[in-house]
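Numbering (my numbering), first residue to last: 1477 to 1864.
Ideal Cβ positions, reconstructed from N, Cα and C, are used throughout, including at glycine.
To start, the structure itself, in structure tokens.
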Ligand SMILES: Cc1cc2nc3c(=O)[nH]c(=O)nc-3n(C[C@H](O)[C@H](O)[C@H](O)COP(=O)(O)OP(=O)(O)OC[C@H]3O[C@@H](n4cnc5c(N)ncnc54)[C@H](O)[C@@H]3O)c2cc1C
């Protein structure tokens, strides 16, 4: 195995590094969980799109650069290293788009991909319902065919960024007699349709980061279906695979957090070294971020040779979510009592954004399928243990 970048990959790294150095906003954007911040992030997506950086793995005729997975990993490393804004349209670009490319008609690709890449249309995910979280096959929200439309009634919940997003994709029960994963259909719908009510839900940081979506006789054209009617479960599993597998949390994110943690430790060494467990945790954080990076490069190489990402997507998800918790908990220990201050508090000093990251890290073991569910998948599908 040759662990070196080719000249072409190095040139690619330089190109994106230079572009980011010239374009990343000097002043951090507001949170995309408030309206103003959402629009700032949308404008940033447009800027990325204009530079052809918004969806680098997409084909060139769809606004991408046709990058392979190694180039994508390089792009992500540079993106996080530059401290560039979070991606407000990641549900669309990283999760829905690969699914659309696999299951969508040419007309659907032409309709949805360009506006997704430019940030003109942002996307929310509609899987969870009050009685269907981990047990997603318990979905009850119905989409019953009426001529060339589906009529949707029911409720989705925990839909990230649905408060401000333009469109939503999700699973709906098109066969009212069906049970479990049969009779479900994957549907794309604009969130401003008549009969849709959106109620914001405040997250731990007080901001409306997700929402409940209520459907009251909402009419959606049948053309908005992705894949066959009743085959939604397998379409949704492809999206979930992209989410847990590679696309949701690239190693660059954790390498950058590990680097910031090492910087923080070095600035506070005198106090941090009083507890040897803190030093160990800093070291483990850095090593685990590197291990995750190498493992992801190995997966990318395997996929490039025609391999598939299977149940090991679950080990990835557990690994990065637990690593994220460890890194943020360690930063909180180093900062001591000041860790609870927001960055603009008078006595904040160099607390930075660790508190916000710490709060969000708590959600890592829950979203994209809880870690308990991932452990069930590993037990049953990788280790062949009996079903729980
Ligand atoms: C930050 C964040 C963003 C999210 N964004 C979205 C989104 O955009 N769209 C969307 O549809 N949903 C979203 N979700 C919802 C998320 O997918 C669900 O919270 C998750 O699937 C768990 O479902 P639940 O909350 O109903 O918990 P439950 O399924 O009720 O689980 C409760 C607890 O029981 C455990 N448990 C349940 N079943 C089993 C089992 N069989 N074996 C062992 N343990 C089990 C779970 O692990 C959990 O600890 C988001 C959640 C968070 C935290």
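Through-space distance from residue j to residue i, alpha-carbon basis
i            : j            : result
residue 1827 : residue 1821 : 10 Å
residue 1585 : residue 1848 : 35 Å
residue 1797 : residue 1621 : 40 Å
residue 1775 : residue 1705 : 32 Å
residue 1490 : residue 1723 : 22 Å
residue 1802 : residue 1810 : 12 Å
residue 1529 : residue 1479 : 25 Å
residue 1497 : residue 1732 : 16 Å
residue 1592 : residue 1569 : 7 Å
residue 1756 : residue 1777 : 31 Å
residue 1485 : residue 1846 : 35 Å
residue 1628 : residue 1641 : 19 Å
Residue i, DSSP secondary structure in three states
i            : result
residue 1639 : coil
residue 1676 : strand
residue 1575 : helix
residue 1630 : strand
residue 1564 : coil
residue 1625 : strand
residue 1681 : coil
residue 1590 : helix
residue 1727 : helix
residue 1855 : helix
residue 1602 : strand
residue 1828 : coil
residue 1655 : coil
residue 1688 : strand
residue 1752 : helix
residue 1620 : strand
residue 1645 : strand
residue 1695 : strand
residue 1776 : helix
residue 1541 : coil
residue 1823 : coil
Proximity below 9 Å, CB of residue i to CB of residue j
i            : j            : result
residue 1817 : residue 1761 : no
residue 1769 : residue 1795 : no
residue 1626 : residue 1535 : no
residue 1658 : residue 1709 : yes
residue 1561 : residue 1500 : yes
residue 1604 : residue 1634 : yes
residue 1734 : residue 1692 : no
residue 1714 : residue 1579 : yes
residue 1505 : residue 1772 : no
residue 1688 : residue 1601 : no
residue 1588 : residue 1576 : yes
residue 1607 : residue 1618 : no
residue 1854 : residue 1767 : no
residue 1671 : residue 1637 : no
residue 1662 : residue 1613 : no
residue 1834 : residue 1815 : yes
Counted within 10 angstroms of its Cβ, other Cβ atoms place residue i as buried (16 or more) or exposed
i            : result
residue 1595 : buried
residue 1553 : buried
residue 1857 : exposed
residue 1675 : exposed
residue 1746 : exposed
residue 1516 : buried
residue 1793 : buried
residue 1541 : buried
residue 1678 : exposed
residue 1829 : exposed
residue 1567 : buried
residue 1825 : exposed
residue 1511 : exposed
residue 1655 : exposed
residue 1790 : buried
residue 1483 : exposed
residue 1681 : exposed
residue 1726 : buried
residue 1623 : exposed
residue 1742 : exposed
Rounded distance between the beta-carbons of residue j and residue i, thought under 8 Å
i            : j            : result
residue 1527 : residue 1590 : About 15 Å separates the two Cβ atoms, so there is no contact after all.
residue 1901 : residue 1509 : Absent from the model: residue 1901. The displayed extent of the chain is 1477 to 1864, so no value can be given.
residue 1660 : residue 1645 : That pair is no contact at about 13 Å.
residue 1639 : residue 1598 : Contact doesn't hold; Cβ gap of about 11 Å is too wide.
residue 1868 : residue 1703 : The displayed coordinates of the chain run from 1477 to 1864. Any statement about residue 1868 would go beyond what the structure contains.
residue 1852 : residue 1839 : Not a contact, Cβ separation roughly 20 Å.
residue 1740 : residue 1807 : 6 Å
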